[in-house]
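Note that the sequence shown covers residues 118 to 337 in this note's numbering.
Cβ atoms here follow ideal geometry from the backbone N, Cα and C, with glycine treated the same way.
Here the structure is a predicted model, which is why all the values come from computation and not from measurement.
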Amino acid sequence: MSDVQVRPTTRERHIDEAARIWAEATAARDGATEVAPLRLARPLIQAVLDGTPRSLLLVALDAGRVVGFAAVEPVPADGSTAEIRYLGVEPAAWGRGVGRQLLRAAPAHLAAAGFARAELGVYVDNPRAVSLYEAAGWLPHGEAVPHPRSGRLEQRYRLDWDDSRQDAGEATPPPPTTDLRQSHDVAHAIAATALGRDPGPMTTADSLSHTTSTSAPTSS
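Following this line, the structure appears as structure tokens:
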């Protein structure tokens with residue numbers, strides 16, 4: 118899918134499409150028959166975009182149609198680090214390289230927005246997703262810890278395109294949990310309660326594991 122374009126957007130239609138992809142990819146990954154409706158899925162994406170003026174939404178467009186997205190915000194108390202809160206590819210586009218193109222294009226857009234590095238989280242029991250991130254240059258950051266809702270081990274990953282801090286020997290600790298994320302947690306809890314299951318962290322990012330294969334979906 119070489120004609121896919123990745124760019125930032127503020128269009129309401131694109132936000133709706135990102136929420137739709139999140140819901141569809143989460144259900145496909147988990148083998149669920151019920152897909153979260155837009156009224157439950159959109160608040161998760163909107164909470165990220167409303168969090169700070171520097172939050173942004175990147176979309177992957179194929180002939181003008183959204184087939185993937187990344188919802189990004191600054192890490193609390195560290196304005197130089199972006200956190201990719203949600204990242205996903207439309208299930209119909211799995212296996213076509215959309216995830217790789219999103220990961221390849223994101224650093225340039227984030228650098229243009231003033232960020233020096235990015236972080237994300239992924240379940241450690243999703244080796245395909247882990248392999249995809251590592252192949253794109255992401256490195257583990259800190260120790261894997263149980264996710265507060267699902268209990269599954271989650272590993273933080275970091276991609277640094279400004280290594281001056283590391284060259285100077287300056288340590289960069291994992292970001293603390295702060296009140297800035299409370300709105301995300303509330304929206305997440307509402308969706309989980311309505312669906313009867315917890316979609317977990319970086320839910321649709323896990324679905325990117327399938328962009329390297331055309332095999333049937335497997336859970337993260």
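Between G214 and G185, the beta carbon gap of about 10 Å keeps them out of contact (Cβ cut-off 8 Å).
Taking a cut-off of 8 Å for Cβ pairs, the segment 267 to 280 and the segment 250 to 257 touch, as three or more such pairs fall below it.
Cβ-Cβ distances below 7 Å link S172 to V165, L166, V189, E190 in the same chain, with the five nearest sequence neighbours on each side left out; the list follows chain order. Distance from the CA of R146 to the CA of Y203, rounded to the nearest whole angstrom, comes to 14 Å. Annotation for D167: the continuous alpha helix (DSSP H) segment containing it runs 155 to 168.
For E129, there is no enclosing beta strand (DSSP E); the residue is found in the alpha helix (DSSP H) stretching over 129 to 147. Secondary structure at P224: helix, using DSSP grouped into helix, strand and coil.
Per DSSP, the continuous alpha helix (DSSP H) segment holding S248 begins and ends at 244 to 252.
In this structure L174 is buried. Its beta-carbon is surrounded by 16 or more other beta-carbon atoms within 10 angstroms. D279 is not bridged by DSSP to any residue. Residue pairing from DSSP places G185 in a beta bridge opposite A177, V206. Judged by DSSP in its simplified three-state form, R266 adopts coil rather than helix or strand.
In the three-state DSSP reduction, A230 falls in the coil class, being neither helix nor strand.
When the alpha-carbon of D195 is set against those of L161, A223, A233, A187, the nearest one is in A233.
Under DSSP, T150 forms no beta bridge with any residue. In the structure shown, G212 adopts coil according to DSSP, grouped into three states.
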